[in-house]
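Contents: one structure, followed by commentary.
Residue numbers (our numbering), protein chains in the order written: chain A, 11 to 297; chain B, 613 to 899; chain C, 921 to 1335.
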């Protein structure tokens, strides 16, 4: 196709930007996490920040909560995305409008969704008020706790609302490029709808949506704004913890903030690699 | 390719099963989509006009234009923030296109040694949490004088958004038939003419989709703008967060609506490219 | 010309150029090395045409309108200074900025000129040498400040020494819904009894929220039997004797709090939301006029009222400070002075503008101002200045706060 030199010309500008900003920032953050902070006169290279962090009582609960929220949000988003994509590929009255609505969440920033969800499902939110009006509850305290709660349900809701169209559109693209042939073949072989789905469609969709799900997982794991607005104070998601440490005016906490960020990055990378290994195995089995 | 698999015959009954059931399920899914999308968003409009609206009222007890008057007044700086967000978004999108289209072409059309590494490097910024990288890069930017500047914020917005452009473009180029270009050359067309009349129309859906993602990512950035823009570069998310954190629902939701409007407009223009009939979304499946 | 006159001319030229160069030399010296010997008029002169970035909390449309409107207009019209207010959610944002600039050795042309600051943040910025000063004594309007008031000359026990200038007063008040609590408990012990008798209807923001922290400090005073012994510098042994009683009280109280104390509202804002919707019946706030402002915005029910404890509530001052690397220090000083102008203080104290208590010693003002301040119309939820000042008790030094906040996190939150 292209010669080596022209390849370099095409790739270089983008790669340079990414390398300088990303790798540079990561390296600097890493060095700060090792205690190299000239402003407080710390020139040490040590793992103190990491040790302090891991020993601190808030760390493990935060880690577990973050993993829980990321996994659940991704799973729910994928399941709902596939289910809705299967319906959306058909023709029906009003498809244009519904398709537009389906894409709408893509344009809505997470902050706005967080505000919307808060006003909807908090104990004094719209749903609680509706419940009161129909007599299901008589006091805000009786409405289930969905925000600032132990499981981060509100946070999960926000991410699911945002990510279903993302995965769904990918699934739709895959389904559309496949066409109907495989399904028709399966039908002639005697498969019912569920079997068609389970043994034909699903194995074909999954490789397409796996990268998207990895992206979602990584994003939810490290995202900050939504848990900051809707999450419980303790335990908090890891990125919120990291931000609190970073903005702590006690500069001694700064290396810990960096250590936290590096740890988050490492966790995500490990999980992504694990995810990739798993997906490759699925690919092989369904091939 | 699916194998020739025989399905258990006792399920054959369901081939002629219950088409009506599926109709019902499909309608239910469509209703769920419409409700699910609208439910968090419609109340925002109502809240922005509310004066007193306490539990358990379903509708505001009093209405007022306070929030909108405030937003419209120059004293609120909302107009400035809106313009900043638009300018930054436009510059980031243009830069991402210039950097990302060649990179996407290089990746989509070629196999070469180290391609996996390059792909990994490109994906890394969206998998590794931005906070980690930005904290590290903050000091570097201060020394380079890039903090508090529009340019610095643009650079930093490129980091999480450029990979999306590259992914989409690589997907589009993977489905692209280079031979059309070669035919054009053999017919005597120059490089530019070929690009404009042959290449561009084919990759346009990708450019549009990629630009949409990049713009939206830049549009909704909060923490990156706050850290690097240092409070000097005030964008809509920054204002939104300040009011959301302060609990002024009327102003917060009014800001949400202002925040949403341009994004919706853009979606109106680009919706057809997302709906799967082009290979654009497929780029996400090819990793 | 005669040789003599040539020599005189040359000498004169030399002297003149020497003076001119010397003058220019003086002009190019940074402001912080010249200002002490400048007169106020000269400072105002130098400030003309400068642009000023004031970093402050941006979550109130009232305050934003006041700063961007009244204050900015007066600065522009009277002094030709351009004011840019920069809204932040958290003071740590701009403190980190200046810290970062110092780390990167950007010692002039800093991005933060003026900041709204007090308490622990002041101590941090002083420790890290981030502030310009001392400048307060050069401000003409400082004459209206009571120099003997130790709650102004000390910021959380840390001597101000002119590195900050005050511009407003705060005092904690308890907000309650008079429709649900007809007679509020004015003694702390009565409040605690009320909480136990009405489970789930009271809570306070989680530390490190400023408001949550000050509420806990009131209880600290309560278990210590008074604040007098605590006013000095931090005494670890004294703290270790008193603190366990506080943790015991708070932990014993937890099951009667909102959500049984399993979680506390992360911010004061969230507590306000709970109050507005009737999930809890009390709110705590540093701003005595806040309830009135929120009622006028429709965010609080009209039955909201305020009270202070019989044993007093903590009051403090809010200040502005100038960063060491600002390139508009003269303009910042002019702004600091303008904020202390009786006209500004009066405007600020009007509830429909902000309702912030004045920091001026009203008794020292000219009579027309004394009358005006005395006649500010007060909505029903705002207590009289007399009631407030007669129940004002001081803050502790910052080290006490650190210990209390840390202790709360370890002994109550994480249990």
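The C-beta atom is built at its ideal place from N, Cα and C for all residues, glycine as well.
Here residue 703 (chain B) has 766 as same chain residues with Cβ atoms under 6 angstroms from its own Cβ, once five neighbours each way along the sequence are excluded. For the stretch 1192-1210 of chain C, residues whose beta-carbon sits nearer than 9 angstroms to a beta-carbon of chain A comprise 1193, 1194, 1196, 1197, 1198, 1199. Given a length threshold of 3 residues, the stretch 1134-1189 of chain C has no whole run of the beta strand (DSSP E) inside it. Under the Cβ criterion of 8 angstroms, residue 244 (chain A) is counted among the residues facing chain C. Just measuring C-alpha positions, the residue of C:1191, C:1220, C:1112 sitting nearest residue 1171 (chain C) is C:1112.
Judged by beta-carbon spacing, residue 167 (chain A) lies beyond the 8 angstroms limit of residue 118 (chain A), meaning their Cβ atoms are not closer than that value. When the Cα atoms are used, residue 1292 (chain C) and residue 1124 (chain C) turn out to be separated by approximately 36 angstroms. With a cutoff of 8 angstroms on beta-carbon distance, residue 181 (chain A) and residue 219 (chain A) are scored as near each other. Contact annotation: the stretch 1302-1318 of chain C touches the stretch 1199-1210 of chain C, with at least three C-beta pairs closer than 8 angstroms.
When the five nearest sequence neighbours on each side are left out, the beta carbons in the same chain lying within less than 7 angstroms of the beta carbon of residue 1328 (chain C) are those of 1127, 1136, in order along the chain. Beta bridge pairing from DSSP links residue 702 (chain B) with no other residue. DSSP, read as helix, strand or coil, puts residue 801 (chain B) in coil. Here residue 1158 (chain C) is not near residue 1139 (chain C), since their CB atoms are 8 angstroms or more apart.
For the alpha helix (DSSP H) assignment, the uninterrupted runs of no fewer than 4 residues enclosed by the stretch 94-119 of chain A are, from N- to C-terminal side, 105-117.
For residue 875 (chain B), the CB contacts under 7 angstroms within the same chain, skipping 5 residues up- and downstream, are 828, 831 in chain order. Per DSSP, reduced to three states, the secondary structure at residue 1004 (chain C) is strand. Taking a Cβ-Cβ threshold of 9 angstroms, the residues of chain C close to residue 134 (chain A) are 1193, 1194, 1196, 1197, 1198, 1199, in chain order. Annotation: Cβ neighbours of residue 158 (chain A) in chain C (cutoff 8 angstroms, chain order): 1183, 1185, 1186, 1190. Between residue 690 (chain B) and residue 699 (chain B), the gap from beta carbon to beta carbon reaches 8 angstroms or more. Per the C-alpha coordinates, the member of B:730, B:770, B:648, B:646 positioned closest to residue 825 (chain B) is B:770. Exposure of residue 673 (chain B) is indicated by the presence of fewer than 16 other C-beta atoms within 10 angstroms of its C-beta.
Per the C-alpha coordinates, the member of B:844, B:781, B:653 positioned closest to residue 713 (chain B) is B:781. For the stretch 139-164 of chain A, the set of residues with a beta-carbon nearer than 7 angstroms to any beta-carbon of chain C comprises 150, 151, 158, in chain order. Under the 8 angstroms criterion on CB atoms, residue 189 (chain A) is classed as non-interfacial with respect to chain B. For residue 1009 (chain C), at least one C-beta of chain B is nearer than 8 angstroms to its own C-beta.
For residue 294 (chain A), the number of other beta carbons within 10 angstroms of its own is below 16, and it is reported as exposed. Residue contact check for residue 110 (chain A) against chain B: a CB pair falls below 8 angstroms. It is roughly 17 angstroms from the alpha-carbon of residue 922 (chain C) to the alpha-carbon of residue 933 (chain C). For the set B:738, B:757, B:759, B:810, the Cα lying nearest the Cα of residue 775 (chain B) is the one of B:738. Residue 967 (chain C) carries a helical assignment under DSSP once its states are collapsed to helix, strand and coil. CA-CA distance, residue 116 (chain A) to residue 169 (chain A), rounds to 11 angstroms. Listed as beta-bridge partners of residue 1034 (chain C) by DSSP are C:974, C:1242.
About 18 angstroms separates the beta carbons of residue 266 (chain A) and residue 37 (chain A), which is beyond the 8 angstroms limit, so they are not a contact pair. With a cut-off of 8 angstroms on Cβ pairs, the stretch 1254-1261 of chain C is not in contact with the stretch 1104-1111 of chain C, counting fewer than three such pairs. If you draw a 10 Å sphere on the C-beta of residue 873 (chain B), you find fewer than 16 other C-beta atoms in it, and that means exposed.
Contact of residue 265 (chain A) with chain C by beta-carbon distance below 9 angstroms is absent, the smallest such distance being about 13 angstroms.
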